[in-house]
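In our numbering, the protein residues as written are 121 to 345. Note that the Cβ used here is the ideal one computed from N, Cα and C, for glycine as well. Report on the structure given below.
Okay, here's the thing in structure tokens:
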């Protein structure tokens with residue numbers, strides 16, 4: 121972290137607030153979209169997509185200057201592996217992302233008068249889904265690292281636009297985030313994923329993140345060779 125970085129407590133608060141609002145938006149907009157779409161999954165996904173892309177732009181713009189607005193353990197782990205974040209700080213980030221993200225899922229349930237405690241029964245498994253998650257996370261991390269390197273002021277827009285696109289071009293609808301994968305397993309709604317399918321989704325996400333970090337190290341290097 122740069123020497124003038126905000127205190128860890130403030131950064132953890134930013135990660136918690138961001139994760140709470142992001143996860144509440146993903147799950148809440150999925151519930152609203154399913155309620156209003158009349159059973160049309162394409163319309164429901166479109167509503168879910170637009171809300172997610174919009175909230176990402178807002179949250180990254182607002183919280184990025186404080187914590188980097190990771191809201192995603194894969195992003196925090198990559199930042200730590202590159203020396204941009206202390207490993208101990210990354211651990212604290214991830215705890216905040218998980219805890220406050222789950223609170224965001226529960227808040228979405230409360231807003232729509234659903235039982236707070238749920239487990240999803242929506243199956244999301246198979247090679248196609250796992251490949252989708254690896255590709256989605258690879259593209260997200262590469263987008264972040266490339267934009268931070270060359271156009272840092274564009275990070276909110278590029279991340280929001282990438283996730284908006286990845287909702288539609290990946291078979292998994294682009295979770296690309298281990299913490300939100302766990303939170304979505306606790307919501308038997310449009311955005312849910314069965315708990316049994318979570319571990320391999322997270323494995324695929326971490327593989328995609330690692331591949332993106334290695335690719336970015338070479339692709340965005342300042343060295344001539």
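Cβ pair residue i, residue j closer than 9 Å
i: residue 211; j: residue 299; result: no
i: residue 163; j: residue 254; result: no
i: residue 330; j: residue 178; result: no
i: residue 151; j: residue 311; result: yes
i: residue 275; j: residue 218; result: no
i: residue 287; j: residue 169; result: yes
i: residue 257; j: residue 314; result: no
i: residue 183; j: residue 262; result: no
i: residue 166; j: residue 154; result: no
i: residue 325; j: residue 296; result: yes
i: residue 333; j: residue 202; result: yes
i: residue 294; j: residue 260; result: yes
Residues near residue i in its chain [Cβ-Cβ closer than 8 Å; skip 5 each side]
i: residue 213; result: 131, 132, 135, 187, 190, 193, 196, 205
i: residue 291; result: 248, 249, 251, 252
i: residue 128; result: 209, 212
Nonlocal neighbours in the same chain, by C-beta distance under 6 Å from residue i, ignoring five residues either side
i: residue 224; result: 140, 143, 144
i: residue 317; result: 244, 245
i: residue 126; result: 186
Cβ neighbours of residue i in the same chain (closer than 7 Å, five flanking residues each side left out)
i: residue 138; result: 179, 183, 189, 191
Minimum Cβ-Cβ distance from residue i to chain D less than 9 Å
i: residue 158; result: Absence of chain D from the displayed structure is noted, only one protein chain being present.
For the segment 170-182 and the segment 140-153, state whether three or more C-beta atom pairs, one from each stretch, are separated by less than 8 Å. yes
Within 8 Å, do at least three Cβ pairs link the segment 267-281 to the segment 301-317? Cβ pair count under 8 Å is below three, so no.
Taking 8 Å as the threshold, find out whether the segment 216-232 comes into contact with the segment 260-275 through three or more Cβ pairs. no
Going along the chain, which unbroken runs of the beta strand (DSSP E) with 3 or more residues stay wholly within the segment 184-226? none
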